[in-house]
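Structure record follows, encoded as structure tokens.
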DNA sequence: CCGACTACCTGCCCGC
DNA sequence: TGCGGGCAGGTAGTCG
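Residue numbers (this note's numbering): 322 to 619.
Pasting the structure below:
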């Protein structure tokens, strides 16, 4: 599922429930996701207060009051949903499968949290288990292997034509691969790379090093690409991400950016660019589908 | 170092 | 209806 816009959507959905909440109970339904949970994971986060829920690239970060950070990656199929828990009667805090969970088989982690006397269950579901969670010290963030080599965020103003020209200078790899490389720009995935290249009118097969001017500085191409990336990511976040298959917001509703796709999953359809009569093609690059219009993406 | 490829895991969809 | 193959939003590890 999730690229940066989906993770940011999850963060915005969970923040009101988690920020300022105390973790009352943690249930881990299996020893591992993609990687084993750290030793004592459940015990070490139980009783902690979550000061802030932030995001770096495709990682969700729960910053705890003891200086540790829970880093969570959703892999391909991870999702969170938050449910209010009725209090009084029964033992709601002890419940693992929430009655409203639609896929209890893959509910791997349940956090019961309390904030202002309201109790919520926050459930992590992940059928393919490519996601993972770990716990690290706040001050380890810059040196930790998961984060040390992450590139710049594609949001805000940090990504401009100069930056992207510099990052891609001398690269023989195709633009598609360079944009997916988390060490250069962190947070893009298959969908939004395809969409950004379409908006920029650039071929996914073009060598990344060729978007700079002859002197290696920013060019019309690098400016266009930087703007396309920022614009696609920004609009996708506003739309609540893209809901393919199973991606849902934390309240169970659907994002709607998939209705704004111009090339992704549109093989054989006519190019959406006004005045272009090209046909969207699907090719495979480094083992992954790329969708693009050969007529207007050069 | 770079770039291409494989593996990880489950579910779904399509064609036969 | 059942079955095999291909495909899926990510990335760590390996290999040339």
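We treat Cβ as the ideally placed atom computed from N, Cα and C, and that holds for glycine.
- Message: So residue 508 and residue 475 are supposed to be a Cβ contact under 8 angstroms. How far apart are they, rounded?
- Response: 6 angstroms
- Any idea what DSSP makes of residue 468, helix, strand or coil? helix
- Item | Bounding residues of the alpha helix (DSSP H) (the contiguous stretch that carries residue 541) | 541-559
- Three-state secondary structure (DSSP) at residue 496? helix
- Message: Taking the alpha-carbon of residue 405 as reference, which of 573, 599, 367 has the nearest alpha-carbon?
- Response: 573
- Message: Just to confirm the assignment, what range does the beta strand (DSSP E) spanning residue 285 have?
- Response: This structure leaves residue 285 out entirely; the chain is present only between 322 and 619.
- Item | Among 450, 552, 439, 538, nearest to residue 351 - alpha-carbon criterion | 450
- Message: So, at 7 angstroms on beta carbons, what are the nonlocal neighbours of residue 609 in its own chain, with the 5 sequence-adjacent residues on each side left out?
- Response: Leaving aside the five residues that flank residue 609 on each side, the residues in its chain whose CB is nearer than 7 angstroms to its CB run, in chain order, 511.
- Message: Using 8 angstroms for Cβ pairs, my map puts residue 436 next to residue 363. What's the rounded Cβ distance?
- Response: Incorrect: roughly 19 angstroms between the Cβ atoms, too far for contact.
- Message: Alpha carbons only, please: which of 346, 586, 379 is nearest the one belonging to residue 332?
- Response: For residue 332, the nearest C-alpha among the options comes from 379.
- Which residue or residues does DSSP assign as beta-bridge partners of residue 432? Looking at the DSSP assignment, residue 432 forms a beta bridge with 347, 443.
- According to DSSP, residues forming a beta bridge with residue 381: 376, 393
- Contacts around residue 553, its chain only, beta-carbon distance under 8 angstroms, and the 5 residues preceding and following it disregarded: 513, 516, 517, 520
- Query: Would you say the segment 376-390 touches the segment 439-450, given that touching needs at least three Cβ pairs under 8 angstroms?
  - Reply: no
- Message: Pull the bridge partners of residue 604 from the DSSP assignment, please.
- Response: 611
- Message: The beta strand (DSSP E) that contains residue 406, what's its start and end?
- Response: 400-406
- Item | Cut-off 6 angstroms between Cβ atoms - residues of its own chain near residue 498, not counting five sequence neighbours on either side | 607
- What first and last residue would you give for the alpha helix (DSSP H) that runs through residue 511? Where residue 511 is concerned, the enclosing alpha helix (DSSP H) starts and stops at 511-521.
- Item | Proximity below 9 angstroms, CB of residue 487 to CB of residue 533 | The Cβ-Cβ distance between residue 487 and residue 533 falls below 9 angstroms.
- Query: Considering only C-alpha positions, which residue in the set 326, 595, 369 is nearest to residue 339?
  - Reply: Distance check between residue 339 and each of 326, 595, 369 places 369 closest, using alpha-carbon atoms only.
- Task: Closer than 8 angstroms by C-beta to residue 471: which residues in its own chain qualify, once you throw out the five before and the five after it? Chain order, please.
- Result: Excluding positions up to five away in sequence, the list reads 377, 378, 503, 504, 507.
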